[in-house]
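Here is the structure we will look at, set down as structure tokens.
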Amino acid sequence: MTGAIKNSPEALKGEDWAGEMGAKWLANLERFEGMIAPIGEALLKQADFKPGERVLDIGCGGGGTTIAIAKSVAPEGDVLGVDISPDLTTASTKRAADDGVSNIRFMCADAANVQLADAPYDRLFSRFGSMFFSEPHEAFANLASLLRPGARIDLAVWAAPRDNLWMMEMMTIVRRFVEVPPAIPRAPGPFAFEDLDYLREVMSSGGFSKPKIVSYEGLQPVGGVNASPQEAASFVLTSMAAGRLLDEQGPAVRTAAELELIELFKTHHVEGQGVMMQGKAWLVSAKLQ
């Protein structure tokens, strides 16, 4: 195509995690979790949960990290997973029961304003669930109200898009077909906390200490572990916002973009591993003062 089709900024409005996006995450749960599992494992290792601790897992998605935490804090400890998607919290409850994990429960709620009768908790954890608050200062203050003084918070947030080639190279192709409005700095979304000064400001306003921030860098299996280039392209188009933008332009545009994505993913495909592309996240820890 010689020119991209224009989209208004409204086309990139915040994702509907309580509805469409939550349902998409559940439908592609294994692929989503496989893609971010290395970062989740690094964050769990950093958090180093101990038996007896009471933990909140915010934006818990399909419940994978929540179940891992529950096993770490058993038998006396417990964990509550909070997510805004009713589809995900229902599925996570069943997943934990099937896994025989009993010191766990899930709640469908907005962590920005949720109130918990059994607060305060000892710990808070979030793997990519803290960047979507429309009012982050108020949201982090609310999270702090759910924790005891001295409680620890551990977060994983994406670093800048330029450091995440899985996103940059994919969006380069998308922009050949659709004019994507420029990102608004600090706006709610996956890269809301790419600016570490902003992250520090938000956490400080919530009453947290100066955070310790370390970088995680590694290869992300786009579309999940051992996905083929075709499967990775299908995952992007059916599960991510880029696919929605292309769908709005009709099947011919979608097909053309899919073919280019497949060619891109072929160059990054590693036999036995999948489509491996560079990613970077910040692992953040702090204490409530």
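Residue numbers for the sequence shown follow this note's numbering, beginning at 9 and rising by one. Backbone N, C-alpha and C fix where the C-beta goes; we use that ideal spot for every residue, glycine too. Keep in mind it's a predicted model, so treat the numbers as computed, not measured.
Enclosing alpha helix (DSSP H) for residue i [first to last residue]
i      : result
Val165 : First-last for Val165: 155-166, but that is the beta strand (DSSP E), not the alpha helix (DSSP H).
Phe114 : Segment 112-116 is the beta strand (DSSP E) holding Phe114; no alpha helix (DSSP H) there.
Asp130 : Where Asp130 is concerned, there is no enclosing alpha helix (DSSP H), although the beta strand (DSSP E) it sits in stretches over 129-135.
Pro94  : 94-106
Arg39  : 37-55
Residue nearest to residue i in terms of C-alpha spacing, selected from the options
i      : options                        : result
Arg135 : Leu163, Pro259, Ile75, Arg113  : Leu163
Thr98  : Cys116, Val81, Val109          : Cys116
Leu124 : Ile66, Ser217, Pro219          : Ile66
Leu291 : Glu268, Tyr224, Met285         : Tyr224
Val186 : Arg262, Met284, Pro94          : Arg262
Arg170 : Ala105, Ala240, Met285, Pro128 : Met285
Ala120 : Glu143, Phe216, Pro94, Ala168  : Glu143
Gly232 : Lys220, Asp56, Ser247          : Ser247
Val63  : Leu154, Ala147, Pro229, Gly108 : Leu154
Burial state of residue i (16 or more Cβ within 10 Å)
i      : result
Thr275 : exposed
Ile44  : buried
Ile92  : buried
Ile47  : buried
Val3   : Within the shown structure, residues of the chain are numbered from 9 to 297, placing residue 3 beyond reach of any answer.
Arg39  : buried
Thr10  : Residue placement at Thr10 cannot be trusted, given a pLDDT of 32 that sits under 50; what the coordinates show is reported in the next sentence. With fewer than 16 Cβ atoms within 10 Å of its Cβ, Thr10 is classed as exposed.
Asp126 : exposed
Glu298 : Residue 298 lies beyond the range of the chain shown here (9 to 297); nothing can be said about it.
Residue i beta carbon near the ligand ADP (any heavy atom closer than 6 Å)
i      : result
Arg113 : The ligand ADP is absent from the structure shown, which contains no ligands of any kind.
DSSP beta-bridge partners of residue i
i      : result
Trp290 : Val165, Ser223
Gln228 : Met285
Leu253 : Paired residues: none, contrary to the question.
For residue i, the first and last residue of its enclosing beta strand (DSSP E)
i      : result
Phe201 : From DSSP, Phe201 is part of no beta strand (DSSP E); its letter is neither H nor E.
Asp86  : 86-91
Val63  : 62-66
Backbone secondary structure at residue i - three-state DSSP
i      : result
Phe148 : helix
Lys274 : helix
Lys79  : helix
Leu207 : helix
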